[in-house]
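Colleague: Below you'll find the structure I mean.
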DNA sequence: CAAGCCGTGGCAACCGGTGGCCACCGGGTC
DNA sequence: GACCCGGTGGCCACCGGTTGCCACGGCTTG
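Residue numbers (the working numbering), protein chains in the order written: chain A, 10 to 361; chain B, 10 to 361.
Structure representation (structure tokens):
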């Protein structure tokens, strides 16, 4: 590539390899290239008959607009970025799918970036992706609020699972969810509950813990919390002794990954779930229903989160002002399965 | 956007909003724009001192090359597409991660498209993505061989988990894996094994079944196969009665999803695993270790598959000829867990 | 001392669309 | 009959890089 000398221009006439351009279509239809452009991007601006002729010529040549060329002067790349902190976390599967669906529906291509829970990788991915996309969805970003606002200034941005002042966001109704979990446990007679905490940088973690703390007195429950845990199976498994140390009869885990890890750790320690300890997770990820025992969990509307985030983004693209300032709250729902049961009476009597 | 009249050109002088271009850098460094371009894309072509001056000016202005503008004349978009048949299938998590890693390492952006197991969606996604990317990785495509070759003609292509004549591919060593699974079962005394079959369009399915069929006589085992199943938990669960009907003492499932579904179905039917029936899966996906019982499975080198596919693609990008014709075989490994045990003696005696 | 070569920088065409501006045309209006 | 107006199509500058070709200057070489 490179020499655009006259010989190249001449060769163009019948270069089979190259895909057809508006110029080829224009020649075939006997109009100017700009008219072809308008026939596609501005229906109504061109006479119906002319447009028909152009479309016929285009169809015959197999013309397809070059998205790069279109994007260069207009900035309309038809791409959106979805940045997720960890693609291997099943939490994101449905979010990705929901986002993909909404993007495809709006004729946009979704660019999914995995940042391995690393702030550096997140910056890098954003650096790379920002100039290419029309908007960004940040899924559980580990960036600071300030950094997110910087991103939002450069491109329309929607944040999932976190609230950042001034940036539109879509979140699960964690407060209601966490409260439902605690109510469920209280109704089963649990009076002491541990919260197996998530990463400090996690917005959802703070939200969940605060809600438990607030709701506890009304429900006659005492709550404690562990040190921050990695949001993984290993993180949960590693917290087993810490959890047992609190002598609580129930544990609410930061998320299902931690809860399932805990299930394993407890089983290995010979502690019965739900006989000795009840466990509740968050999110209802893939696997929550087939671990043993099946996990009681606060189901997040995962697919809806992704979908809603992209839709919000697309709305914001049209108008100049970002969509509503208040976060969209999507409902969570407690799914009761086998990992919760009435509290074991401390005296040693079993209630079942 | 649109009016590129003189007033716009003038406004450029100090337009704060716009990100700096090579022209801005050129002006600041006192050289021509082409020299700036070369300073970045062709080190050595420019005098070191000049280059240093340019880089300094660029750094000060915060210049970042516009990938779109670069890609337009050269075709080098720095993007690769990864098409997966279903993002919510945990099988792909590690593949995506491996591919992302290899892409990022090579300074490429990965565009992940989810096609929901639909051929139509796959075509659409490819239509949309092909003009944007330098190469394509097809993860378990449902397209016909011919359709894949058409794609491969338009852009360098690598196929994962399938072999298509003339197109480079990266696959798990299914033959060795399936054989290992059957040997394991034979060694445990199983003499009758059912294969819970996957979708007919699946290349891996055919491969696995044929291997079982071939290996069976040597090992003194009889194998049957069910009708094709959906490669999902539901597919496996639904196959429970069909599997039980064969009176086999062990089942090899098309993949872990099917195997885990089967585990559930068998538990619901009161059939003990591994007491009454042994179950082996394929792939070792997320969840295979925490279902009950933990699944014995032929672990696929998932992350390596994704990584290798992208690396192969990148190699092919340089040379004009596609990389080697023979598929790259990545080793599978049997992981023995709790779902397999010695065959129950038909007379009713338990061996354990 | 002329010829040749190499290192280096600038010129300008080009990638493939987009859209402001203007010209042209036919018909309606006063 | 002059004027105006809306519909329609063409011209051309422009997006932001890339690169073939050429010019210029200094140095080597015969």
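No residue lacks a Cβ here, since even glycine has one placed at the ideal position from N, Cα and C.
From the DSSP output, which residues share a beta bridge with residue 292 of chain B?
Modeller: B:308
Colleague: Comparing the C-beta of residue 29 of chain B with each C-beta of chain A, is any distance below 8 Å?
Modeller: no
Colleague: If you measure between the beta carbons of residue 169 of chain A and residue 146 of chain A, is that distance less than 8 Å?
Modeller: yes
Colleague: Looking at chain A, is there any beta carbon in it that lies within less than 8 Å of the beta carbon of residue 63 of chain B?
Modeller: Taking Cβ atoms only, chain A never reaches closer than 8 Å to residue 63 of chain B, which makes this a no.
Colleague: Below 7 Å between beta carbons is the criterion; list the residues of the stretch 254 to 269 of chain B that meet it against any residue of chain A, in chain order.
Modeller: 269
Colleague: Taking its Cβ as the centre, do 16 or more other Cβ atoms sit within 10 Å of residue 50 of chain A, making it buried, or is it exposed?
Modeller: Looking at its Cβ environment, which holds fewer than 16 other Cβ atoms inside 10 Å, residue 50 of chain A is exposed.
Colleague: Please report how far the alpha carbon of residue 61 of chain B lies from the alpha carbon of residue 33 of chain B, in whole angstroms.
Modeller: 16 Å
Colleague: Evaluate the contact criterion for the stretch 311 to 323 of chain A versus the stretch 273 to 284 of chain A: three or more CB pairs, one atom per stretch, below 8 Å.
Modeller: Contact between the stretch 311 to 323 of chain A and the stretch 273 to 284 of chain A is absent, with fewer than three C-beta pairs closer than 8 Å.
Colleague: Considering residue 160 of chain A, what are the terminal residues of the alpha helix (DSSP H) in which it resides?
Modeller: 154 to 163
Colleague: Is the beta carbon of residue 73 of chain B closer than 8 Å to that of residue 28 of chain B?
Modeller: yes
Colleague: Could you run through the stretch 141 to 164 of chain B and flag, in chain order, every residue whose CB is less than 7 Å away from some CB of chain A?
Modeller: 141
Colleague: Looking at chain B, which residues of the stretch 107 to 129 of chain A have a Cβ within less than 7 Å of any of its Cβ atoms?
Modeller: 109, 118, 120, 121 and 123
Colleague: Among A:218, A:112 and A:200, which residue has its Cα nearest to the Cα of residue 134 of chain B?
Modeller: Looking at the Cα atoms, A:112 is the closest of the given residues.
Colleague: Against chain A, with Cβ distances strictly below 8 Å, would residue 75 of chain B count as a contact?
Modeller: yes
Colleague: Using the C-alpha atoms, what's the distance from residue 177 of chain A back to residue 297 of chain A?
Modeller: Our two residues, residue 297 of chain A and residue 177 of chain A, have alpha carbons roughly 30 Å apart in a direct line.
Colleague: In this structure, what does DSSP give as the bridge partners for residue 103 of chain A?
Modeller: Beta-bridge partners assigned by DSSP to residue 103 of chain A: none are found.
Colleague: If you count every other CB in all the chains shown that lies within 10 Å of the CB of residue 175 of chain A, and 16 or more means buried, which is it?
Modeller: exposed
Colleague: On the three-state DSSP scale, how would you describe residue 204 of chain A?
Modeller: strand
Colleague: Kindly indicate if chain A contains any beta-carbon less than 8 Å away from that of residue 103 of chain B.
Modeller: yes
Colleague: Quick one: list the residues of chain B neighbouring residue 273 of chain A, beta-carbon separation under 9 Å, in chain order.
Modeller: 298 and 299
Colleague: Three Cβ pairs or more, each shorter than 8 Å: is that satisfied between the stretch 100 to 108 of chain A and the stretch 297 to 314 of chain B?
Modeller: no
Colleague: Taking only beta-carbon atoms, is residue 295 of chain B less than 8 Å away from chain A?
Modeller: yes
Colleague: With distances taken from CA atoms, which of B:87, B:287, B:150 and B:127 is nearest residue 119 of chain B?
Modeller: B:87
Colleague: Output the boundary residues of the alpha helix (DSSP H) element that contains residue 28 of chain B.
Modeller: First-last for residue 28 of chain B: undefined, no H or E at that position.
Colleague: Who pairs with residue 88 of chain B in a beta bridge, going by DSSP?
Modeller: B:118
Colleague: Between residue 252 of chain B and residue 203 of chain B, is the Cβ-Cβ spacing less than 8 Å?
Modeller: yes
Colleague: With a threshold of 8 Å on Cβ separation, who are the neighbours of residue 362 of chain A within its own chain once the five nearest residues in sequence on each side are excluded?
Modeller: Any question about residue 362 of chain A goes unanswered here, given that chain A covers just 10 to 361.
Colleague: Under 8 Å between C-beta atoms, does residue 80 of chain A make it to chain B?
Modeller: yes
Colleague: Quick check: is the beta carbon of residue 97 of chain A nearer than 8 Å to any beta carbon in chain B?
Modeller: yes
Colleague: Using 8 Å for Cβ pairs, my map puts residue 210 of chain B next to residue 151 of chain B. What's the rounded Cβ distance?
Modeller: 5 Å
Colleague: Please name the residue, chosen from A:250, A:215, A:40 and A:263, that lies closest to residue 238 of chain A on a Cα-to-Cα basis.
Modeller: A:263
Colleague: In chain order, which continuous runs of the beta strand (DSSP E) of length 3 or greater are located wholly inside the stretch 214 to 281 of chain A?
Modeller: Taking 3 residues as the shortest admissible run, the stretch 214 to 281 of chain A contains the following complete beta strand (DSSP E) segments, listed from N- to C-terminal end: 231 to 234 and 259 to 262.
Colleague: Quick one: list the residues of chain A neighbouring residue 241 of chain B, beta-carbon separation under 8 Å, in chain order.
Modeller: By Cβ distance, chain A contributes nothing, its closest Cβ being about 11 Å from residue 241 of chain B, past 8 Å.
Colleague: Have a look at residue 189 of chain A and residue 343 of chain A and give me their C-alpha separation to the nearest angstrom.
Modeller: 7 Å
Colleague: Would you report the Cα separation of residue 100 of chain A and residue 52 of chain B, rounded to the nearest angstrom?
Modeller: 44 Å
Colleague: Closest to residue 46 of chain B by CA distance: which of B:30, B:58 and B:57 is it?
Modeller: B:30
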